[in-house]
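Residue numbers (this note's numbering), protein chains in the order written: chain A, 1 to 318; chain B, 1001 to 1285. Quick reminder that beta carbons are idealized off the backbone N, C-alpha and C, glycines included. In what follows, a single structure is set out as structure tokens and then discussed.
Listed below in structure tokens is the structure:
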């Protein structure tokens, strides 16, 4: 019964996402929806390490940056087709995640968070200062859209890109669900609940943590690559620590350790700042306040609260 | 050689600031188990406030620092009571995320009250000493001395006083300390006050040595944690050694390699220490 209702829920959600471009009248909201879907991919990755494994990583935007710059630079210098560079970008990101994950996973809890945050700063500083490669603050312009000029789809059209990102986001959400349900995913949850116990029964926890970290980085890298080809322009600005905090916020607000959580959370972090425009410079304060209040009063996120309410309602009906 | 000594002295000055930040972080971590990420922004708030009192209201520097310390204390205590206390029994991740939210809030308030422009706290310590070709600005010397004095006072307080003893007891074994009649809630507030006071001092030092600008708080708190990772957790000597190593590395890197990449080099040092000594330079296995 519960399985069925979950399937119905996801089916309805998918239908909603498919119809969304037809329902949106303002082009700008379609643009935000594309961004939100890109954030869904990144947040699903963040959820694997933060929500399921219990390690808060503050480098997701940095990994998005690595993905974005690697796809753009590979296209620029090696003249590779767009599809190939998008597909390769997560692997480039994975390489950096392996290098950084190994030392940073030697410390636990808060210190892991701080070390990953330092990595995000390093990535940002390098993107800003390595002018020969990244063109610094000015960024890279003219990143091509996928597909040929007179191909089957018109990639300059936002709607086409929306459906493209939607397909990827659905696939990646499915992949995240598969990982979580697999043996590996169960081990990750066990690490979150009691890492010492996992070690005590002879499981090398560090391998699983490294796996989760690298996979989550690959999600980020893919999201960054798709972002680069969507905007056709990237600069270091959006790959800083603040955006990594957005990824954390997306997971927490949506519901950490749930598959639906990052989807809700991603739309939340993309649309909320738009609605907070009225607050102007108090926006940061409000944003922080929402984060604090949500953590104190709603630690299981929107999805957690909703499913609690639904369960209660179900019981009452009987 | 003179150049090297010059950079080392610069490094000791900035290292002193890092030591103060790290001390504040490590006491909070020891007692509350929280990575108090907003510490950097609170420190910058103290620096801004001092600047405001000196330039806006014409306070003498010492009075301005004193008043900022008091305001900082109130802010620190409020943060503990309103934000950290509600999540003290929850998962540690929650407290950390609250800390991130607080950082945004304090950064936002700093922007709102003090604007986007960078500010320098004016001092009249403009003399420059010259010893065998090595130049030491008067201000830098005072910063080093003040940092040393604060570390010394802090050590005395923690080692010799009754309250200090209680703090150490709570850090070592919270439940046993409660059974011995230590009021943990008061200790939490005391620790937060001390930590915030140290932070405000660090903020004033940064503001007079360099400048305060939006976003600097985050950089500073990351350096503070890097110091703890370098030096080893929960010990005052660890924080001192870690802070000096980080400060000197950074100054040497800025002087001889590249000032744009000095932070990168500092983090690389931190990560290599982590690879070979995960417990830190001064930490016990």
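The alpha-carbon of residue 1114 of chain B is positioned some 38 Å away from that of residue 1274 of chain B. In this structure, residue 66 of chain A lies near residue 96 of chain A, with their beta-carbon atoms less than 9 Å apart. With a cutoff of 9 Å on beta-carbon distance, residue 1147 of chain B and residue 1017 of chain B are scored as near each other. Put simply, of A/244, A/105, A/275 and A/257 the residue whose alpha carbon is nearest the alpha carbon of residue 214 of chain A is A/105. Contact annotation for residue 106 of chain A against chain B: 1274, 1275 and 1278 [CB-CB distance below 8 Å, chain order]. The DSSP-derived three-state label of residue 1129 of chain B is strand. A contact is defined here as three or more CB-CB pairs under 8 Å, and the region 1060-1080 of chain B fails this definition with respect to the region 272-291 of chain A.
Shown here, residue 1123 of chain B sits in coil according to DSSP, grouped into three states, outside any helix or strand. The Cβ-Cβ distance between residue 54 of chain A and residue 193 of chain A falls below 9 Å. Residue contact with chain B for residue 64 of chain A: absent (no Cβ-Cβ distance below 9 Å to any residue of chain B). The residue among A/135, A/219, A/44 and A/198 with its C-alpha nearest the C-alpha of residue 73 of chain A is A/135.
Residue-level contact check: residue 49 of chain A does not touch chain B, since none of the beta carbons of chain B fall below 9 Å from its beta carbon.
Under the Cβ criterion of 9 Å, residue 1263 of chain B is counted among the residues facing chain A.
Taking 9 Å as the cut-off, the beta carbon of residue 70 of chain A is found no closer than this to the beta carbon of residue 87 of chain A. For the pair residue 1235 of chain B and residue 1143 of chain B, the CB atoms are not nearer than the 9 Å cut-off.
The beta-carbon of residue 74 of chain A is placed no less than 9 Å from the nearest beta-carbon of chain B.
Against chain A, the beta carbon of residue 1270 of chain B has neighbours under 8 Å at 115 and 118, listed in chain order. Boundaries of the beta strand (DSSP E) around residue 1136 of chain B: 1134-1137. Under the DSSP definition of a beta bridge, residue 233 of chain A partners with A/141. In this chain, the alpha helix (DSSP H) harbouring residue 1043 of chain B covers 1039-1056.
Taking the beta carbon of residue 1105 of chain B as reference, the chain A residues within 9 Å of it are 284, 285, 286, 287, 288, 289, 291 and 292, listed in sequence order. The criterion of a C-beta distance shorter than 9 Å is not satisfied by residue 1020 of chain B and residue 1231 of chain B. The alpha-carbon separation between residue 1055 of chain B and residue 1185 of chain B amounts to approximately 38 Å. When DSSP reads this structure, residue 8 of chain A sits in no beta bridge, so it has no partner. The residues 1214, in chain order, have a CB closer than 8 Å to that of residue 1111 of chain B in the same chain once the five nearest residues on each side in sequence are set aside. When the alpha-carbon of residue 292 of chain A is set against those of B/1216, B/1100 and B/1203, the nearest one is in B/1100. Residue 1034 of chain B carries a coil assignment under DSSP once its states are collapsed to helix, strand and coil.
By the Cβ rule, the region 10-17 of chain A does not count as touching the region 136-143 of chain A, because fewer than three pairs are nearer than 8 Å.
Within chain B, no residue has its CB atom less than 8 Å from the CB of residue 197 of chain A, the nearest being about 16 Å off. Interface flag for residue 1229 of chain B against chain A is set, since a Cβ pair is found closer than 9 Å. Residues of the region 1104-1124 of chain B with a C-beta atom less than 7 Å from some C-beta of chain A are 1104, 1105, 1107, 1108, 1109, 1111 and 1112, listed in chain order.
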